[in-house]
Amino acid sequence: MKNKILFLFTFFSLVGCASIEQLQKKVIAPIQPKRSFSAKWGKNLDPTYLSGNLPIHLNGPAVYEGNIFIGSSGNGFLSIDERDGKIRWKVSENETYHSSPLVSGDSVIYGTESGRIKSRKMTNGELNFEIDLGASVDGNPIVSKGRLFIQLRNHQIFSLDASTGKILWSYKKSVTNKTTIQGVGEGLVDNNSVIFGFADGDLLSFRVETGDIIWERKIGRSADKFMDLNWPMVKFNDALATVDAAGNLYLVRFSDGEIINQFSIGISTNLVLHEDSLYFGDTSGSLHQLDRELKVTELAKFSKRTLSRVGIWNGKIIAGDINGLVSTFSLKELKTLWQKYLGNELSTMFRRPLKGDLGGLIMFTSRGRLYYY
């Protein structure tokens, strides 16, 4: 009897071990890749709102010496420590912000929807000056040689003394187009001129000191429904590169505004300049490169949805689509490294992602989430 029990025990033990061995051969846990992209911290800057009245954040951050400066609509303006996301200082103000701040000297300068330009000390938020310009500050402010240049929603340009806020000159353009998205872009300084695009497709070059018009050129094509020049411009191949609301890319001569080249690509993002090439996204979710020989190459397709913003981070392109999908593309390996959603489907980016001073990636979404990776 003992021998029979021992035999049965041995038999079932062997069968069990064999079954486990076969199961191990059939079921193999997937190898998890090492994560090279992980969130260090995040902040919710969305204000309290009533159901059905969802706020959309159109502004973005600025970063300088480990400080992230950003407006939180309805809450105030903040300085955030890049290392851990802790608030260094906050100024409570009932304002809405539609543009990104600018660091100039030891001050941070920003505009509000109420039409105010404010300058504060970077260290503690103390107010240097505040001036009312009369219309929403939708364009990102730029500075050159102590002069601040700003474009308002009402198609007006202001030049201010960056240290005092004194108005040096202004220009108001009459835009009569009925089919316009009322777009506002960002100016570009080149030597003694500052150049701005307008909602009617016109590109104007002004003298920095006086505001006199050097040249005026129609860039946006009348055949397109929307001609707004509402994207930041960049210098590329000794020319000015700009995009209209219809997605056409133009290379323009700085001296007289003459169009040198143009490309109909369906661009839907800002332009990024990196190592003599331009990078941008399109309405079909693809990333493109324009090299110095003016050859356009499609590098990758990230999504079926329109891309909204692109940025450069540690030799990689960061691209977000209108559904909140963020993709990272290696320019060295020419392949997509990872993709992830930032919150819900409304978490698109309306301002380009930035590289922090400490090497991290900073992204701010339309849902008021500030992420640091």
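Residue numbering for the sequence shown follows the working numbering, beginning at 6 and increasing consecutively.
Where a beta carbon is used, it is the ideal one built from N, C-alpha and C, also for glycine.
Computed from a predicted structure; not experimentally measured.
Query: G120 and Y102: beta carbons closer than 8 Å?; Result: no
Query: Quick one: residues in its chain with C-beta nearer than 7 Å to the C-beta of N49, no 5 flanking neighbours on either side, listed in chain order?; Result: G373 and R374
Query: Can you pull the DSSP bridge partners for N49?; Result: R374
Query: On the three-state DSSP scale, how would you describe V68?; Result: strand
Query: I need the DSSP call for K337, collapsed to helix, strand or coil.; Result: coil
Query: Can you give me the C-alpha to C-alpha distance between V301 and G188, rounded to a whole angstrom?; Result: 26 Å
Query: Is E326 near L312, with beta carbons less than 8 Å apart?; Result: The identity of residue 326 in the sequence shown is Asp, whereas the question assumes Glu. Contact: yes.
Query: By a C-beta neighbour count over all protein chains shown, 10 Å radius and 16 as the cutoff for buried, is A67 buried or exposed?; Result: buried
Query: List the whole-angstrom C-beta distance separating S43 from Y378, where the pair is believed to meet the contact cut-off of C-beta under 8 Å.; Result: 7 Å
Query: Kindly list the residues whose CB is nearer than 6 Å to the CB of S335, restricted to its own chain and excluding five residues on each side of it in sequence; keep chain order.; Result: K321 and L342
Query: For G316 versus V277, is the C-beta distance shorter than 8 Å?; Result: yes
Query: Can you give the Cα-Cα distance for L138 and W174, rounded to whole angstroms?; Result: 12 Å
Query: Spatial neighbours of V199 within its chain, please: CB distance less than 6 Å, with the 5 preceding and 5 following residues excluded, ordered by chain position.; Result: F154, G192, F211 and V213
Query: Ignore the nearest five residues each way along the sequence and tell me which others in L347's own chain have a CB closer than 6 Å to its CB.; Result: G329, V331 and T370
Query: Per the DSSP calculation, D255 is bridged to which residue(s)?; Result: Note that residue 255 corresponds to Tyr in the displayed sequence, not to Asp. Answer is T247 and Q267, bridged to Y255.
Query: Excluding the 5 residues flanking K177 on each side, which residues of the same chain have their C-beta closer than 6 Å to its C-beta?; Result: Q161
Query: By the three-class DSSP mapping on this structure, what secondary structure does Y102 have?; Result: coil
Query: Check T302 in the structure and name its three-state DSSP category.; Result: strand
Query: Write down the C-beta distance between F134 and P106 rounded to the nearest angstrom, noting that I regard them as a contact closer than 8 Å.; Result: Between P106 and F134 the Cβ distance is about 15 Å, and since that is not below 8 Å, they are no contact.
Query: Could you pull out every residue in the same chain whose Cβ sits closer than 7 Å to the Cβ of I219, ignoring the five residues on either side in sequence?; Result: S198, S210, F211 and R212
Query: Measuring only the C-alpha atoms, how far is V194 from M238?; Result: 10 Å
Query: Should S260 be labelled buried (16 or more other beta-carbon atoms within 10 Å of its own) or exposed?; Result: exposed
Query: Using the Cα positions of L83 and N266, report the straight-line distance between them to the nearest angstrom.; Result: 42 Å
Query: My guess is that G271 and S282 are in contact by the Cβ rule of under 8 Å, so how many angstroms apart are they, rounded?; Result: G271 to S282, Cβ: 19 Å. No contact.
Query: DSSP three-state label for P237, please.; Result: strand
Query: Have a look at G71 and T181 and give me their C-alpha separation to the nearest angstrom.; Result: 44 Å
Query: Measure the beta-carbon distance from G144 to S109 and round it to whole angstroms, keeping in mind my assumption that it falls under 8 Å.; Result: Contact flag wrong, Cβ pair sits at about 16 Å.
Query: Kindly indicate which residue of M127, G116 and R125 has the alpha-carbon position closest to the one of R158.; Result: G116
Query: With a threshold of 8 Å on Cβ separation, who are the neighbours of I92 within its own chain once the five nearest residues in sequence on each side are excluded?; Result: L83, S84, I85 and D86
Query: I'd like to confirm the pairing. Which residues does DSSP put opposite G81 in its beta bridges?; Result: S77 and S97
Query: Would you tell me roughly how many angstroms separate the C-alpha atoms of K45 and G206, rounded to the nearest one?; Result: 42 Å
Query: In chain order, what residues of the same chain lie with their CB nearer than 8 Å to the CB of D111, ignoring the 5 residues before and after it?; Result: K126, M127 and T128
Query: Whose C-alpha, out of L366, N275 and R357, is nearest the C-alpha of W318?; Result: L366
Query: In the DSSP assignment, what are the bridge partners of K360?; Result: L366
Query: Please classify L254 as buried or exposed, where buried requires at least 16 neighbouring CB atoms within 10 angstroms.; Result: buried
Query: Just the Cα atoms here: how many angstroms apart are A204 and F268?; Result: 20 Å
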